[in-house]
Structures are given as structure tokens and as C-alpha cells.
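Enquirer: First, the structure itself, so that you have it in front of you.
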Amino acid sequence: MSHTVRRLLLRLRLALQPVVEVLVGGYVRGSIWWLRLWPLWLSAGGMAFWARTFGPFFAVSKVARRNLTAAYPEKSKGEISDLVRGVWANMGRLTAEFAQQDRLWDYDPARPGEGRVEVVGAEIFQRLRDDGRPALFFTAHTGNWEMCAIAGAKFDVPGGVLYRAPNNRRAAALIEEMRSGTMPGLIRAGRDAGRQMARMLAEGQHLGMLIDQYWTGGPEVTFFGRPCATNPTLARLARQFDCPVHGMRVIRLPGARFRVEITDEIALPRDGEGKIDVVGAMQTVTGVIEGWVREYPDQWLWLHRRWR
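Numbering (full-length UniProt numbering), first residue to last: 1 to 308.
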């Protein structure tokens, strides 16, 4: 392709970008409006059906099959295909639930087993809320991970969550608008995120982040027996502030129900000076996540390239 043609294509893409943003933003807004019209069990079940049916034909499903085959060499092709369909079903449900996230939480500590949401470790939330110390939470793309931040807000745990915004500005603005109504302080990943997180921890607040995706240049850890690079921000902040680290996940249950679980403080390895060892800490929390994924493999996002 000649230099002139490349320049023309670049100009065309830049000229069309505002139109694409409007179309994508409108599609996202319209989809959310449509999904909010129906009861959760119906919209989530419908989205799971369509995602489970058509998702395996998308090119990205090849990534999931490769990942699953490498992680579970003992499984047959049929078992791998079943897991891929389960991953897509989870994504379909997550889409419908995101549209109704302001309606999901119904946990009542007076009747803890009667609602859509059950909580394991409610007393830990309450202790963290009242002890005046900073703490860090890690989670993974498993179950309905969006509800981790909702749980923190509902238990009045002061703090925020780190998130990565979509590239489409209109879609990003809509998603941020929806999240801001149900989640604590949102910290957009970017140049200033580190300073913002450090300031919040210094003030005794709490931070949550997803740590299960590939991170270029990050320290190497082992996940399902394979080396991969990971984001060391969690361990670096824990080392800097010497604050407790807890794992948190949301397990999808039958009947459009959820179980929110928070772990006790994770004991992280320390170096000869008594400070948290960054690489060892990331291996420890990665091991916790591997245990979660092995327990519910079809609820994890096998669609991304965790190993490179």
C-alpha cells in the first residue's frame, strides 16, 4: 500500500470517527434502554441464550479455546466447547445485568438468605468500614465482577475502584454515568491514576482493582502452570502503605442470584527488610484467582489473551 493511500485512509478514518462514536454511543444507550424494560431473569436469560448460541462463532472464541485447552489438557474438545458456550452465556447475562445494575442489590443483613444477593464476609466489610485504616481489594473478570464495587458502596466502605474506559467517548460517558450511581469513587486508568490512588490510601480509604489481565512489562507470575505478565500496582501500593489486602469475587448462582465473597486478609510474602515483596505478592494473589477460576471455569473471561 502506497504512502498516499495510507494517508487517505487515515484521513477518512479520522473524518468518520465522530460519526462512528455517535452510532456506537446511540446503540449502547438504546440497548440499555431495551434491556431495562424486562424483568432481570428474562433479559439475562435471553441475552445468555443469544450469546451462548452465536458467541462461539466469533473469532475471539479461538482465543478462549486455546486458553482452555492449555489450562485443561485433560479435557476433550466437547468439554472445551461447553466451557466456551458457558463463558459466552456469562457475558450475555453480565450485559443484561449491567443495564439494570441499580436494581441488583437487595441484600438485607436482617434476612441475609432471602434476597437475590447473599454475602459471605459481611463482618469483614463492616470492620473495614469502621477501622479507619486503608485497605486494598483485588478481583478478577469472573461472575458479575461489576458487583464488587457495588458491594463496597452498599456497605459504606469509603474508597474507589480503578477502571478502564472504552475508547468510544460517548459510550464511555454513558457507562461512567451508570456506574457513578451505584459505585464509589471511580478512578479512570491513566496518567493521574497512581497519584489519585496514593492520595486516597493516605487518607485511610480503600481501593479495588481487577488484576487478571496481561500487563506489558509487568512482573512474571505463573497462572495455570504458564508464565504471564501481571499488573504490579496492587502489590506496590500494599508495599508503600503496608495495608491489608483482601480478595473479592461475585459468584453467579442459579435463578439470577449472586454470592458476594470477601476473603480474610491475604498473608503476602515479605523481603529481608520486612516489606511486601512485589513479585511474590502478585504470585500469591494470582494463585487465589486461579483457585476461583478452577472452581467456576465457565464464569471467567477466557476470551482475553492472558498468556502471550
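Glycine is no exception: its CB is placed at the ideal position from the N, C-alpha and C atoms.
Which residues does DSSP pair with E261 in a beta bridge?
Expert: Here residue 261 refers to the residue found at position 261 when the sequence shown is read from its first residue. According to DSSP, which records beta bridges pairwise, E261 is partnered with V120, R249.
Enquirer: For R52, does the three-state DSSP call read helix, strand or coil?
Expert: Taking the first residue of the sequence shown as position 1, residue 52 is located at position 52. Note: R52 maps to helix in three-state DSSP.
Enquirer: Rank C228, K275, L128 by C-alpha distance to the C-alpha of G287 and give the top, closest one.
Expert: The count along the sequence shown starts at 1 and reaches residue 287 at position 287. Selected option, being the one with the closest Cα: C228.
Enquirer: State the beta-bridge partners of F58 as determined by DSSP.
Expert: For the purposes of this step, residue 58 is taken as residue 58 along the sequence shown, with counting starting at 1. Answer is none; F58 lacks a bridge partner.
Enquirer: Look at the alpha carbon of T182 and the alpha carbon of A99, and state the distance between them as a whole number of angstroms.
Expert: Taking the sequence shown and counting its residues from 1, one reaches residue 182 at position 182. Taking the sequence shown and counting its residues from 1, one reaches residue 99 at position 99. Rounded to the nearest angstrom, the two C-alpha atoms are 12 Å apart.
Enquirer: On the DSSP bridge list, what partners appear for H206?
Expert: Taking the sequence shown and counting its residues from 1, the one referred to as residue 206 is at position 206. DSSP output for H206 lists A135, G159 as bridge partner(s).
Enquirer: Just to confirm before moving on: does the CB-CB distance between V245 and L253 stay below 8 Å?
Expert: In the sequence shown, residue 245 corresponds to position 245, counting from 1. In the sequence shown, residue 253 corresponds to position 253, counting from 1. No, the pair does not count as a contact, with Cβ atoms beyond the cut-off.
Enquirer: From the DSSP output, read off the bridge partner residues of P227.
Expert: For this step, residue 227 is matched to residue 227 along the sequence shown. Note: P227 sits in a beta bridge opposite T222.
Enquirer: Quick check: what's the CA-CA separation for D108 versus G115?
Expert: Translated into positions along the sequence shown, residue 108 becomes position 108. Translated into positions along the sequence shown, residue 115 becomes position 115. Cα-Cα distance, rounded: 7 Å.
Enquirer: Does the distance from the C-beta atom of G121 to that of W88 stay below 8 Å?
Expert: Residue numbering aside, residue 121 sits at position 121 when the sequence shown is read from its first letter. Residue numbering aside, residue 88 sits at position 88 when the sequence shown is read from its first letter. Contact flag unset, no.
Enquirer: Do I127 and G204 have their C-beta atoms within less than 8 Å of each other?
Expert: For the purposes of this step, residue 127 is taken as residue 127 along the sequence shown, with counting starting at 1. For the purposes of this step, residue 204 is taken as residue 204 along the sequence shown, with counting starting at 1. It should be noted that the sequence gives Arg, not Ile, for residue 127. For R127 and G204, no; Cβs fall outside 8 Å.
Enquirer: Could you check what DSSP says for W307 in three-state terms: helix, strand or coil?
Expert: Working through the sequence shown from its first residue, we reach residue 307 at position 307. W307 falls in the coil class under three-state DSSP.
Enquirer: Would A140 pass as a contact of I266 if the rule is Cβ separation under 8 Å?
Expert: Counting from one through the sequence shown, the residue named residue 140 turns up at place 140. Counting from one through the sequence shown, the residue named residue 266 turns up at place 266. Contact flag unset, no.
Enquirer: Within the continuous beta strand (DSSP E) that includes I80, where are the two ends?
Expert: Translated into positions along the sequence shown, residue 80 becomes position 80. Per DSSP, I80 belongs to no beta strand (DSSP E); it is in the alpha helix (DSSP H), 77-99.
Enquirer: Note down, in chain order, each residue of its chain lying with its Cβ closer than 7 Å to the Cβ of M147, except the 5 sequence neighbours on either side.
Expert: Indexing the sequence shown from 1 puts residue 147 at position 147. These residues qualify, in order along the chain: L104, V250, F258, V260.
Enquirer: Just the Cα atoms here: how many angstroms apart are Y296 and I32?
Expert: Here residue 296 is taken as the residue at index 296 of the sequence shown, counted from 1. Here residue 32 is taken as the residue at index 32 of the sequence shown, counted from 1. Going from the Cα of Y296 to the Cα of I32 covers about 27 Å.
Enquirer: What residues in its chain sit with their C-beta under 8 Å from that of V63, if we drop five residues either side in the sequence?
Expert: Within the sequence shown, numbered from 1, the residue matching residue 63 stands at position 63. Within the same chain, V63 has close Cβ partners W302, L303, H304, R305.
Enquirer: Could you round the C-beta distance between G208 and M248 to whole angstroms and report it? I think they count as a contact, below 8 Å.
Expert: Position 208 of the sequence shown, counted from the start, is the residue given in the question as residue 208. Position 248 of the sequence shown, counted from the start, is the residue given in the question as residue 248. Right, their Cβ atoms sit about 7 Å apart.
Enquirer: Let me know the secondary structure DSSP gives T216 once reduced to three states.
Expert: Counting from 1 along the sequence shown, the entry for residue 216 is found at position 216. Looking at T216 - three-state DSSP - the assignment turns out to be coil, as it is neither helix nor strand.
Enquirer: Sorted by chain position, which residues of the same chain lie with C-beta nearer than 7 Å to R239's C-beta, five sequence neighbours on each side aside?
Expert: Within the sequence shown, the letter at position 239 stands for residue 239. Here the set comprises K275, I276, V278.
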